[in-house]
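**Student:**
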Amino acid sequence: MSELAPVKRLYIKTYGCQMNVYDSERMADMLAPLGYGVALRPEDADLVVLNTCHIREKATEKVYSELGQIRLMKLARQAEGGTMTIAVAGCVAQAEGEEILRRQPAVDLVVGPQSYHQLPELIARAHRARGERLAADFAPEEKFDALIAERRPTGVSAFLTVQEGCDKFCTFCVVPYTRGGEWSRPAGDIEAEARTLAEKGVREVTLLGQNVNAYDGANDTGSGLAGLVRRLARIPGLDRIRYTTSHPRDMDEALIAAHAEVEALMPYLHLPVQSGSDRVLKAMNRAHTAESYVRLIETIRAARPDMAISGDFIVGFPGETEADFEATLQLVREVGYAGAFSFKYSRRPGTPASALPGQLADEVKDERLARLNALLEIQRIAFNSAQVGRTLPVLFEKPGRHPGQIIGRSPYLQSVHVAAPDRLIGEIVPVRIESAASNSLAGTLTLETV
Ligand code: 5AD
Ligand code: SF4
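In this note's numbering, the protein residues as written are 1 to 450.
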């Protein structure tokens, strides 16, 4: 008999943004060599990781209450003679640090977003001695060097982190505190990872960063995100490039020009504005006005007329009046969004806005959110309906829910359902769009493909 280590099981619960989804996938990749496979339920796991997000109100308290539940599972396993290791990762880990270990002693380790490369070591230590528990240093380069070899993609579309952190300090936001300052990965490392992905069948990458268009890794095609995009566009097989999330302040001419010139760069831009009121934008420290944002969108659309615009909005920021909110609706009408995320302002401890006077009642926020969402929904349906009758290139990603159906994405990130053979998964194929719903399109293969 060989001396194989016993199979251990890992359960990761992911909260929040795409960055966390990406980080969770990579944590799972990194732990696979230690013998960790997937557990479907936390009670079956030898290692439970909560990959936390700090952006929502009461997020920290929710994590503590979840940890209380997991502690009971740990006790149950121990009663049966087993063990369970509990790790807290993500932004709450970064923000709370050792406090988590004090408040919930069942937690074995806390690991901030910059220290995931130390996870295997930390897990090993926890298994052996319950020794050093906290990793809260700050060395992003090491993190990526340690992670690059671990990448095992599945599917035809992959995320690729190119930038982390934020120096913008919007007054409502915790990210500059929890993820630290802006930092860009070297372009060479990113290209190496993108080539590996492409060799494994990935056709589309989404470049990720809290402030991705602040990317400033220099390289032979010029500095900035535009240079990086041009460099990645040369990689054989990598036919689609996307990026998210961008700040209006960093939307430079070079990037706009890339949208006009680089075929692989998809015509979809997530460009949060947060509010349409200059008074509120100033209090948010956004460093743009409603007008400068609308002008920027016009410039982008002049370069790429079919650009789909998406955004983020916050309603009910402290001091927001009905007139301020109307200005947001007006901006939405002027821009015409393909889709957007809207949030009720939530008071994040430690951020400047949490201490502002004029905090609004929840009913006011609810009512404004409903009005904004109704307008955004109308726009999304209009955007989707406008594709009916067009033939769009669709990158097929996976089988659909119904037999004989597969699902892909249009250039504008819309989900497209088509009756077509599975062998087209991984291919970019022209599809005639026949109908539109609020969240997806349906189409048929054009004659040439059938
Ligand atoms: N309250 C409400 N929404 C917030 N966001 C960030 N912080 C807060 C907060 N305190 C939203 C912003 C941001 C998105 C990721 O989350 O719209 O763009
Ligand atoms: Fe937060 Fe503003 Fe930075 Fe976005 S730009 S991460 S909202 S501080």
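Yeah, the Cβ is synthetic: ideal placement off N, Cα and C, and Gly gets one too. On a predicted model such as this, the values are computed, not experimentally measured, just so you know.
1. In chain order, what residues of the same chain have a beta carbon less than 6 Å from the beta carbon of residue 17, not counting five sequence neighbours either side?
2. Does the beta-carbon of residue 318 have 16 or more other beta-carbons within 10 angstroms, so that it is buried, or is it exposed?
3. Does the count of Cβ pairs from the region 187-195 and the region 163-173 closer than 8 Å reach three?
4. For residue 197 and residue 403, I'd like the C-alpha separation in whole angstroms.
5. What separation, rounded to the nearest whole angstrom, lies between the Cα atoms of residue 362 and residue 88?
6. Measure from the alpha carbon of residue 358 to the alpha carbon of each residue in 267, 115, 316, then state which is nearest.
7. I'd like to confirm something about residue 366: is its beta-carbon nearer than 8 Å to some heavy atom of the ligand 5AD, or not?
8. As a quick exercise: from 22, 35, 90, pick the residue whose alpha carbon is nearest that of residue 51.
9. Do you know how far the Cα of residue 380 is from the Cα of residue 396?
10. Residues in the same chain with beta-carbon distance under 6 Å from residue 258, minus the five sequence neighbours each way, listed in chain order, please.
11. Output needed for residue 442: all residues of its chain with C-beta closer than 6 Å, excluding positions within five of it in sequence on either side, in chain order.
12. Under the assumption that residue 93 contacts residue 86 (Cβ atoms under 8 Å), give the Cβ distance between them as a whole number of angstroms.
13. I need the DSSP call for residue 129, collapsed to helix, strand or coil.
14. Hey, would you say the C-beta of residue 351 is under 8 Å away from at least one heavy atom of the ligand 5AD?
15. How long is the line joining the alpha carbons of residue 314 and residue 76, rounded to whole angstroms?
16. Can you give me the start and stop residues for the beta strand (DSSP E) that residue 207 sits inside?
17. Grab me the residues of residue 214's own chain with a C-beta within less than 6 Å of its C-beta, minus the 5 sequence neighbours each way, in chain order.
18. If I measure Cβ to Cβ from residue 74 and keep anything under 6 Å in the same chain, skipping five residues before and after, which residues do I get?
19. Could you pull out every residue in the same chain whose Cβ sits closer than 7 Å to the Cβ of residue 14, ignoring the five residues on either side in sequence?
20. Look at the alpha carbon of residue 412 and the alpha carbon of residue 371, and state the distance between them as a whole number of angstroms.
21. Expressed to the nearest angstrom, what Euclidean distance is found between the alpha-carbon atoms of residue 55 and residue 173?
22. How many whole angstroms separate the CB atoms of residue 256 and residue 300, which I take to be in contact at a CB cut-off of 8 Å?
23. Run the proximity test for residue 396: is its beta-carbon closer than 8 Å to any non-hydrogen atom belonging to the ligand SF4?
24. Leaving out the 5 sequence neighbours to the left and right, which residues in its chain are closer than 7 Å to residue 390 when beta-carbon positions are compared?
25. Are the CB atoms of residue 199 and residue 155 within a distance shorter than 9 Å?
**Tutor:** Working from what's here:
1. Here residue 17 refers to the residue found at position 17 when the sequence shown is read from its first residue. Non-local C-beta neighbours of residue 17 in its own chain, meaning closer than 6 Å and more than five positions away in sequence, are absent.
2. Position 318 of the sequence shown, counted from the start, is the residue given in the question as residue 318. The residue is buried, with at least 16 neighbouring Cβ atoms inside 10 Å.
3. Note that the region 187-195 does not touch the region 163-173; fewer than 3 beta-carbon pairs, one per stretch, sit closer than 8 Å.
4. Counting from one through the sequence shown, the residue named residue 197 turns up at place 197. Counting from one through the sequence shown, the residue named residue 403 turns up at place 403. Their Cα atoms are separated by approximately 29 Å.
5. Numbered from its first residue, the sequence shown carries residue 362 at position 362. Numbered from its first residue, the sequence shown carries residue 88 at position 88. One alpha carbon belongs to residue 362, the other to residue 88, and they sit about 30 Å apart.
6. Taking the first residue of the sequence shown as position 1, residue 358 is located at position 358. Each of 267, 115, 316 was checked against the Cα of residue 358, and the nearest Cα belongs to 316.
7. Position 366 of the sequence shown, counted from the first residue, corresponds to residue 366. At a threshold of 8 Å, residue 366 does not count as near the ligand 5AD, since its beta carbon sits no closer than that to any of the ligand's heavy atoms.
8. As a first step, residue 51 must be located in the sequence shown, where it is residue number 51. Taking only the C-alpha atoms, the option nearest residue 51 is 90.
9. Position 396 of the sequence shown, counting from 1, holds the residue named residue 396. Position 380 of the sequence shown, counting from 1, holds the residue named residue 380. Whole-angstrom Cα-Cα distance: 22 Å.
10. Numbered from 1 along the sequence shown, position 258 holds the residue referred to as residue 258. Same-chain partners within the cutoff: 226, 229, 265.
11. For the purposes of this step, residue 442 is taken as residue 442 along the sequence shown, with counting starting at 1. Counting only Cβ-Cβ distances below 6 Å, and skipping sequence neighbours, we find 417, 434, 435.
12. The residue given as residue 93 occupies position 93 in the sequence shown. The residue given as residue 86 occupies position 86 in the sequence shown. About 12 Å separates the two Cβ atoms, so there is no contact after all.
13. As a working note, residue 129 is residue 129 in the sequence shown. Low confidence applies to residue 129: its pLDDT is 49, below 50, so where it sits in the model is not reliable enough to give any reading.
14. Here residue 351 refers to the residue found at position 351 when the sequence shown is read from its first residue. The answer is yes for residue 351.
15. Locating residue 314 in the sequence shown gives position 314, counting from the first residue. Locating residue 76 in the sequence shown gives position 76, counting from the first residue. Between the C-alpha atoms of residue 314 and residue 76 there is a straight-line separation of about 43 Å.
16. Residue mapping note: residue 207 aligns to position 207 of the sequence shown, counting from 1. Its beta strand (DSSP E) spans residues 204-208.
17. Residue 214 sits at position 214 when you count from the first residue of the sequence shown. The answer, listed in chain order, is 182, 250.
18. Counting from one through the sequence shown, the residue named residue 74 turns up at place 74. So the qualifying residues of the chain are 84, 106.
19. Taking the first residue of the sequence shown as 1, we reach residue 14 at position 14. Around residue 14: 20, 21, 24, 51.
20. Looking up residue 412 in the sequence shown gives position 412. Looking up residue 371 in the sequence shown gives position 371. If you take the alpha carbons of residue 412 and residue 371, they lie about 25 Å apart.
21. Taking the first residue of the sequence shown as position 1, residue 55 is located at position 55. Taking the first residue of the sequence shown as position 1, residue 173 is located at position 173. Answer to the nearest angstrom: the Cα atoms are 7 Å apart.
22. Start at 1 with the first residue of the sequence shown, and residue 256 comes out as number 256. Start at 1 with the first residue of the sequence shown, and residue 300 comes out as number 300. The Cβ separation is near 6 Å, so the contact holds.
23. Here residue 396 corresponds to residue number 396 of the sequence shown, with the count starting at 1. Flag unset: Cβ of residue 396 not near the ligand SF4.
24. Translated into the one-based positions of the sequence shown, residue 390 becomes position 390. The answer, listed in chain order, is 433.
25. To locate residue 155, count along the sequence shown from 1; it is residue 155. To locate residue 199, count along the sequence shown from 1; it is residue 199. At a Cβ-Cβ threshold of 9 Å, residue 155 and residue 199 do not count as neighbours.
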